[in-house]
Every structure is written in C-alpha cells, then in structure tokens.
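Trainee: Residue numbers (my numbering): 58 to 128. Quick one: the structure is below, questions incoming.
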Amino acid sequence: LALATWCRRGTHGPVDLREAARWYFALLAAGNADALHELQQIAKDIGEEALQEAARAAGDVTLALGLAQQE
C-alpha cells in the first residue's frame, strides 16, 4: 500500500498515477478492499487506456473494465 501511495503522491520521486494504479490493482487482486477506493479516484485522472495498461502490468486487464465503465 505504501508504494502505491508514494507513486500517487510523488513522495520519493515524480507523481506516477499509472504506476500507482498498477500497485493498487495488485493490492485489489490480493483482496485489499481499500485499493478499490484509490483506483476509483485515479481512474478519473488517467483515463481508460492508462488504467488498462496499469491493470495489465499488475497481471489482469479485466480488473480495469469495471472501473472504466463507472466513469
């Protein structure tokens, strides 16, 4: 959770919302429900294509489909 938050806030480098989304997707897949709220917020800012790239990087593009449809 810390790494995703650091990427989102730019704590130890530049803000990288796609990378933050990648780690939040990985957390969501592992059962961390808090990650869903964070992903919903990021989805508003990065768009569907970047969201799907982040989900692919986390191992499953189907995770992004529901979020993209909520926009």
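We treat Cβ as the ideally placed atom computed from N, Cα and C, and that holds for glycine.
Straight-line CA distance for Ile103 to Ala87?
Mentor: Cα to Cα, the separation comes out at about 23 Å.
Trainee: In chain order, what residues of the same chain have a beta carbon less than 8 Å from the beta carbon of Asn89, not counting five sequence neighbours either side?
Mentor: Counting only Cβ-Cβ distances below 8 Å, and skipping sequence neighbours, we find Leu58.
Trainee: Just to confirm the assignment, what range does the alpha helix (DSSP H) spanning Thr62 have?
Mentor: Per DSSP, Thr62 belongs to the alpha helix (DSSP H) from 59-66.
Trainee: Give me, in chain order, the residues of the same chain whose beta-carbon lies closer than 6 Å to that of Asp73; leave out the 5 immediate sequence neighbours on both sides.
Mentor: For Asp73, where only same-chain residues beyond five positions count, the Cβ hits under 6 Å are Cys64.
Trainee: State the start and end residues of the unbroken alpha helix (DSSP H) segment that holds His94.
Mentor: From DSSP, the alpha helix (DSSP H) with His94 extends over 91-115.
Trainee: Roughly how many angstroms lie between the CA atoms of Glu95 and Leu108, to the nearest whole one?
Mentor: Cα to Cα, the separation comes out at about 12 Å.
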